[in-house]
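Here is the structure we will look at.
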Amino acid sequence: MSCFPCFSSKKSGSKREDLPVAQPTTDINPSFPPERNSKNVPEADSNYKAEVNPPEEGSNTAKTFTFRELATATKNFRQECLLGEGGIGRVFKATLPTSGQIVAVRQLDRNKTQGSREFQVEVLMLSLLCHPNLVNLIGYCADGDQRLMVYEYLPLGSLENFLFDISGDKRPLDWSTRMKIASGVAQGLEYLHEKANPPIIYRDLKSSNILLDDKQTPKLSEYGLAKLLQSSNKMNMSAYGYCAPEYERHGEITSKSDVYGFGVVLLELITGRRAYDAARPTDEQSLVSWAQPIFRDPKRFPDMADPLLRKEFSVKTLNQVIGIASMCLQEEPSVRPLITDVVATLSFLSTAPPDEPIPERLVPILSAKVEASSQRHSGANNHHNEHKYDDIKYDDSSDSSDDEDRDGRKRNKMGDKGR
Numbered sequence: 027m028s029c030f031p032c033f034s035s036k037k038s039g040s041k042r043e044d045l046p047v048a049q050p051t052t053d054i055n056p057s058f059p060p061e062r063n064s065k066n067v068p069e070a071d072s073n074y075k076a077e078v079n080p081p082e083e084g085s086n087t088a089k090t091f092t093f094r095e096l097a098t099a100t101k102n103f104r105q106e107c108l109l110g111e112g113g114i115g116r117v118f119k120a121t122l123p124t125s126g127q128i129v130a131v132r133q134l135d136r137n138k139t140q141g142s143r144e145f146q147v148e149v150l151m152l153s154l155l156c157h158p159n160l161v162n163l164i165g166y167c168a169d170g171d172q173r174l175m176v177y178e179y180l181p182l183g184s185l186e187n188f189l190f191d192i193s194g195d196k197r198p199l200d201w202s203t204r205m206k207i208a209s210g211v212a213q214g215l216e217y218l219h220e221k222a223n224p225p226i227i228y229r230d231l232k233s234s235n236i237l238l239d240d241k242q243t244p245k246l247s248e249y250g251l252a253k254l255l256q257s258s259n260k261m262n263m264s265a266y267g268y269c270a271p272e273y274e275r276h277g278e279i280t281s282k283s284d285v286y287g288f289g290v291v292l293l294e295l296i297t298g299r300r301a302y303d304a305a306r307p308t309d310e311q312s313l314v315s316w317a318q319p320i321f322r323d324p325k326r327f328p329d330m331a332d333p334l335l336r337k338e339f340s341v342k343t344l345n346q347v348i349g350i351a352s353m354c355l356q357e358e359p360s361v362r363p364l365i366t367d368v369v370a371t372l373s374f375l376s377t378a379p380p381d382e383p384i385p386e387r388l389v390p391i392l393s394a395k396v397e398a399s400s401q402r403h404s405g406a407n408n409h410h411n412e413h414k415y416d417d418i419k420y421d422d423s424s425d426s427s428d429d430e431d432r433d434g435r436k437r438n439k440m441g442d443k444g445r
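Quick note: the sequence shown uses my numbering, first residue 27, plus one each step.
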């Protein structure tokens, strides 16, 4: 049974288009499944070791490369091959000299990585992970103090580019594609949380770390990189705007922190807005802060939709997806859903036709309570402001709003500044 207050409790033969969206009450505690102790423990820089699962069918252990091979593949790490850089290193487009295969080479900061043996152990563990929604790790280099990782190359780039860099002949993502992407991202997280042994906390979920293949299938990149850093160099792996409240306050990271980050990405997919945009008015710079009052006013739900969608979506489905996002963004980690429940619900919404009966296992608990709590989602100039997150209610009264005229302006490379 799902734990989202996003569907009706009608029997499974009911059609989704006829379902009112559930209205949480303030009388009953959340009916979430019990926590899985091994999946929601803080990642903490512990010395916990666990057996690595045997490689799944189709998976390969990492190949070893010499530094000379990768230097040749990247034209000696020339600027023209640079794809991007961040706090832990740079990424280059490369062509392997022996096979001609095009790959992405991540050169980690030599001042922040582990010793050779520890690095190889962690990389070999990561190479055993195999899932359609993870970027495939091909190999690594640990020559001297050089630490490099070789991944499959995805030429279409990141979700961030597809959402916010609408230029030339690039077409905006339609609703069904956005839901397919959301579902795939959730499945990738579920694999890391539930199938990896030991479980992996992603830590840095954001649209720029979600890459798309030629079929626009999302693949998570940079998973597990936090474990490759020396403990003294553990940095804030959560980008501003995606960071869960418990990490901001206490530095606490759990699987529910990833669920929060997923909620932010889901909001980006719904709205076409960046998680944080300094070009906007102060009260709109933080996407989550901007969304909070709308969560409390269901009639405004259609106003959250990206104008580039041109209202080509089911309003009831939109309401349900907004409900999922709002639950993922609860301040209290225990109130957020498990990623498994997110996967089940989004997989159904992203694939089923509008008249498909809702499976019994996805019929939600109507009376699930959304805890009222103080939210601290801040922009650049209001870091200490508190936003009251009252009980959220969902209904289907927003259908009439679907016909209202809305601004359909195109956004430029820096994002849609008109909204």
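Quick reminder that beta carbons are idealized off the backbone N, C-alpha and C, glycines included. The model shown is predicted, which means the values in this text are computed figures rather than measured ones.
The ligand FAD and residue i: does any heavy atom of the ligand fall closer than 7 angstroms to the residue's C-beta?
i           : result
proline 271 : Absence of the ligand FAD is noted for the structure shown, with no ligands found whatsoever.
List the whole-angstrom C-beta distance separating residue i from residue j, where the pair is believed to meet the contact cut-off of C-beta under 8 angstroms.
i              : j              : result
alanine 301    : glycine 267    : 3 angstroms
isoleucine 236 : proline 225    : The Cβ separation is near 20 angstroms, so there is no contact.
serine 153     : leucine 163    : 5 angstroms
arginine 362   : valine 285     : 5 angstroms
valine 368     : isoleucine 350 : 6 angstroms
leucine 134    : glycine 110    : 14 angstroms between Cβ atoms; not a contact.
valine 117     : alanine 99     : Going by Cβ atoms, the distance from valine 117 to alanine 99 rounds to 13 angstroms, so no, they are not a contact pair.
Provide the residue(s) that pair with residue i in DSSP beta bridges, ordered along the chain.
i            : result
valine 131   : Phe118 and Val176
threonine 90 : Tyr166
leucine 503  : In the structure displayed, the chain extends from 27 to 445; residue 503 sits before or after that span and is not available.
serine 312   : Tyr302
lysine 245   : Leu237
leucine 160  : Leu246
serine 184   : Leu237
Taking all protein chains shown into account, do 16 or more other C-beta atoms lie within 10 angstroms of the C-beta of residue i, making it buried, or fewer, making it exposed?
i              : result
histidine 276  : exposed
lysine 23      : Limits of the chain in this structure are 27 at one end and 445 at the other, which puts residue 23 out of reach.
aspartate 240  : exposed
aspartate 303  : buried
proline 271    : buried
lysine 232     : buried
asparagine 137 : exposed
histidine 410  : Model confidence at histidine 410 stands at a pLDDT of 36, short of 50, so the residue's coordinates are unreliable and nothing is read from them.
serine 184     : buried
aspartate 381  : exposed
threonine 371  : buried
proline 359    : buried
serine 423     : Note that serine 423 has pLDDT 38, beneath the 50 cutoff, so the model's placement of it is unreliable and the number below is only indicative. That one is exposed.
threonine 124  : exposed
glutamate 357  : buried
alanine 305    : exposed
glutamate 95   : buried
Is any beta-carbon of chain D found at less than 8 angstroms from that of residue i?
i          : result
serine 376 : No chain D is part of this structure, which consists of one protein chain only.
* Would the region 201-215 and the region 319-329 be scored as touching if the rule is three or more Cβ pairs under 8 angstroms? -> no
* Count the C-beta pairs between the region 293-307 and the region 189-205 that are closer than 8 angstroms, then say yes if the count reaches three, no if not. => yes
* To do: Evaluate the contact criterion for the region 331-351 versus the region 164-175: three or more CB pairs, one atom per stretch, below 8 angstroms.
  => no
* Given 8 angstroms as the limit, is there contact between the region 98-113 and the region 140-153, that is, 3 or more CB pairs closer than that? -> no
* If we count Cβ pairs, one from each stretch, closer than 8 angstroms, do we get three or more for the region 127-146 versus the region 199-209? -> no
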